[in-house]
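What follows is a single structure, written as structure tokens, with notes after it.
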Amino acid sequence: MQVVRYKPEGLDALCRNTKFSRKELQIMYRGFKQECPTGIVNEETFKEIYAQFFPQGESSQYAHYVFSTFDRDNNGSISFEEFVVGLSVLSRGSLQEKLQWAFSLYDINNDGVISKDEMTSIITAIYDLMGRCSEPFVDENTIRDHVDRVFQKMDLNKDGFISMDEFMEACRGDASISKSLGVFDTVL
Amino acid sequence: MAAVAAWLPFARAAAIGWVPVAQQPMPPPPVNREHNRTDDLMKINVSGRRFETWRNTLEKYPDTLLGSNEKEFFYDEDAKEYFFDRDPDIFRNVLNYYRTGKLHYPKHECITAYDEELAFFGIMPDIIGDCCYEDYRDRKRENNERLLDDKDSEDGDNVPLASMREKLWRAFENPQTGTAALVFYYVTGFFIAVSVMGNVVETVPCGIVPGTFDNPSCGDRYEKVFFVVDTACVMIFSVEYLLRLYAAPDRCKYMRSIMSVIDVVAILPYYIGLFLTEENDDVSGAFVTLRVFRVFRIFKFSRHSQGLRILGYTLKSCASELGFLVFSLAMAIIIFATIMFYAEKNVENTKFTSIPAAFWYTIVTMTTLGYGDITPETIMGKIVGGICSLSGVLVIALPVPVIVSNFSRIYHQSQRTDKRKAQKKARLARIRMAKNASGAAFVARKKKEEERIRLQELGQEPEDKDDADVFELQHHHLLSCLEKTTDREFTDMDVNYNGQPTKLLGTPPLTPTMSVRSRDNKNRTTGCCARKSSRKPLKNSSDAEELNDISIRIPSSNRNSRSSLNAMSYPTSSNSRPNNIQTTAVVSMPNTSPGNMGNSQDSLHTPSTASTVSPAGGVVRISTL
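And the structure:
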């Protein structure tokens, strides 16, 4: 088994391509390299790392979806560049970019629309993050109701699919969503 | 969690995916954007070797010394670094724990040193990584066993024995503790040997009885002699057994122990034989059988031989290997015996009459004995016989090295224990000396002070500058405070080779002239301590020979201790160097010659033996240190 070693582009190039400062990039790369000395992170490692943030729940499913969304070229591993570029969009991008990312997360099979099944999978994965010990108890009805509610809100033409435009419009129209999208930037 | 702190921004960013489907709005961000968390380098200087790491790295484990603000105690403002006066080699492992999250234990380090460093830096040894954990635990276990051994033997020697019974038990268990015990040990050994020899010789044909053609065994011929010898031995054994039973701290446990069972089995045949008469034929058969049990007396030797005990212990500890050996042999025997029987069944006059009869052949073949009293005739039988012997070699050879290595390990361990015990005496003596040194230093210093005060009173200049270090001064001040508190004084006891404290006569710390010393001697005899034997005051080098073998000369921190001190001592100095203080030498005695010194305080000066006589000063001296 050959160990792949990956070296990212220079600090300056990354600085230009992302919205992070040099110092922040340095800190992030050090952490990245510490966990993944080979320079790339594969899905297993990714799931392990993600699991550490959600100790009570079952985070592998959601981590899988996030991983696939980050892994733009679908080669099964995320390099530091992909990581940092994706992160730059998520933390410091515009509302549009963030919503686009969320849409691509939900669109599991990348066909341009979100079906009810995909939405159900995503929402199930999110509830799984909570784990068994949540109050009140989660069961299938909860998830089904939640999916129905979301679809009702977003599926404007009621065709059973949510397209990109419908998604954008619905989210932009909802003030709380727009505000909430800004709270996830992390200070390094 | 802290180890993946660098991924937190990512996890938080990925949570954007929750927002569109969230049921409620998200809470505002907790940390202000302007909050600047600097990540700076920290310099750590460990005994000169410099380590540098990020502050974040150390803060990963906030309940350790380096991760908490406890390290601020070690901050050196001038050099802007944290200084630890510890072992840099072990610190390397500690720092790597912060860096990688795994604590390793280097095999070449001493386990106690390592544990101490971990304790200092506030790290629990439980988090040692799997790669090193086994080794760590093994070493720790060995160390604990060694400590336990030491403690046991130490306690064993020091525990004062309350009763006759305990003394007796100790004498039985450790023959080295006294001459009586040793004598008893050898006597019993001798009688065991005699008894066993008697049993053996009893059966040897003694020569033709003149007048007949008989050649009876010695036992029959000299029946009375052997009976008397046997009786004597059994007497001794019975007495020994009863004494041990009496002395045992836990009689029921003792009765169940293997040695006591052997004792009982050794003497029982004799007593049973006494009650059986020889006329009754059935019973006499049993009587003969009983005599066989007399051979168990030879096991009593295991008290006398450590090697035998180790062998027994080894067999016990290798019980599983032995069990495996026996089981696999049994399996193989049954298999081969069955095959041999059916192969040889049809041969004429075969000795393989049944499978159990074939067992004998199989055993003899597998252990490669090959008596040849029963051999296969058919080709099939011979083939099977060949396979049998080959496999026998293998099956037996496999568990044997395990048993051997176990035996070797246990044997070496017991040898090490013995060696440690032998060295312990010398070691303890050295430790005692070192302890006495500090006490002696204190007393010497006290005397110096007194002398200086006296000289100043008399208007004379103090002879030496006092440049003892600050720490010593304060330590001694503390001891002085203690003395004042308890109204007692520290003295030193000098013990000569007899183990008796020597009473030293000493001069007050004046100029060390012989005249002064002799004056004091005269005065001494008038004092209450007259009954103490007097010793001639020492000339500097003459009494070196009287030095007891454990006293040594060590340089004391009181560099200015004058020869006056040396003059006071004795039993140790072949010392021409005024700077040395004999450790056990300094002895102080209550000042019983009030004429010599003015006040009771001077009683501190005269070196004397610890005595319980109350001097004029009313201060009761007790010997300490």
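Heads up: the protein sequence lines correspond to chains A and B, in order.
full-length UniProt numbering numbers the first residue of the first sequence as 1 and each following residue consecutively.
full-length UniProt numbering numbers the first residue of the second sequence as 1 and each following residue consecutively.
Every residue gets a Cβ at the ideal spot worked out from N, C-alpha and C, and that includes glycine.
Computed from a predicted model, the values in this text were never measured in an experiment.
- Secondary structure remark: continuous alpha helix (DSSP H) runs of at least 4 residues inside the segment 142-183 of chain A, in chain order: 164-173, 175-180.
- When DSSP states are grouped into helix, strand and coil, V113 of chain A belongs to the strand group.
- Listed in chain order, the alpha helix (DSSP H) elements of length 4 or more contained wholly in the segment 161-245 of chain B are 164-173, 179-201, 218-221.
- Contacts with chain B at 8 Å (Cβ-Cβ) include V150 of chain A.
- Under the Cβ criterion (8 Å, minimum of three pairs), the segment 67-80 of chain A does not count as touching the segment 173-186 of chain A.
- DSSP places T57 of chain B within a helical segment (H, G or I) once states are collapsed to three.
- DSSP places E116 of chain B in the uninterrupted alpha helix (DSSP H) bounded by 111-120.
- For I143 of chain A, the closest Cβ of chain B is not nearer than 8 Å.
- Of all residues in the segment 11-26 of chain B, only A11, R12, A13, A14, A15, I16, G17, W18, V19, P20, V21, A22, Q23, Q24, P25, M26 place a beta-carbon less than 9 Å from a beta-carbon of chain A.
- In the same chain as V19 of chain B, and ignoring 5 residues on each side of it, the C-beta atoms closer than 7 Å to its own belong to M26, in chain order.
- In the three-state DSSP reduction, M42 of chain B falls in the strand class (E or B).
- Per DSSP, the unbroken beta strand (DSSP E) holding N42 of chain A starts and ends at 40-42.
- Burial of N436 of chain B is indicated by the presence of at least 16 other C-beta atoms within 10 angstroms of its C-beta.
- Selection A:E48, A:Y65, A:F46, A:F80 evaluated against Q26 of chain A yields A:F80 as nearest (Cα-Cα).
- Residues of the same chain with a CB within less than 7 Å of the CB of A14 of chain B, apart from the 5 flanking positions on each side, do not exist.
- Identification of chain B residues near A13 of chain A by a Cβ-Cβ cut-off of 9 Å yields none; the smallest Cβ-Cβ distance measures about 20 Å.
- Not one beta carbon of chain A lies nearer than 8 Å to the beta carbon of D40 of chain B.
- Burial of L90 of chain A is indicated by the presence of at least 16 other C-beta atoms within 10 angstroms of its C-beta.
- In the assembly as shown, Y75 of chain B is an exposed residue. Its beta-carbon has fewer than 16 other beta-carbons within 10 Å.
- The Cβ atoms of M340 of chain B and T375 of chain B do not sit closer than 8 Å to each other.
- In the displayed model, Y371 of chain B falls within coil according to three-state DSSP, outside both helix and strand.
- If the five residues before and after T231 of chain B are omitted, its C-beta is found closer than 8 Å to the C-beta atoms of Y270, all from its own chain and listed in chain order.
- Of the residues assessed, S94 of chain A falls on the exposed side of the cut-off, its CB having fewer than 16 other CB atoms within 10 angstroms.
- L65 of chain B and R99 of chain B have their C-alpha atoms some 15 Å from each other.
- The alpha carbon of I128 of chain B has as its nearest neighbour, out of B:K151, B:N93, B:E52, the alpha carbon of B:N93.
- Closest by C-alpha distance to H104 of chain B, out of B:T112, B:A79, B:D135, is B:D135.
- Residues E52 of the same chain have their beta carbon placed closer than 6 Å to that of L41 of chain B, with the five preceding and five following residues left out of the count.
- At least one CB of chain A lies nearer than 8 Å to the CB of P29 of chain B.
- Interface flag for C171 of chain A against chain B is set, since a Cβ pair is found closer than 8 Å.
- Collapsing the DSSP output to three states places S59 of chain A in coil.
- DSSP, read as helix, strand or coil, puts S77 of chain A in strand.
- The residues G129, in chain order, have a CB closer than 6 Å to that of K102 of chain B in the same chain once the five nearest residues on each side in sequence are set aside.
- With respect to chain B, the C-beta atom of Y127 of chain A has no partner C-beta closer than 8 Å.
- The C-alpha of F120 of chain B is placed about 17 Å away from the C-alpha of P106 of chain B.
- In the structure shown, F83 of chain B adopts extended strand secondary structure according to DSSP, grouped into three states.
- Rounded to whole angstroms, the gap between the alpha carbons of K300 of chain B and R309 of chain B is 11 Å.
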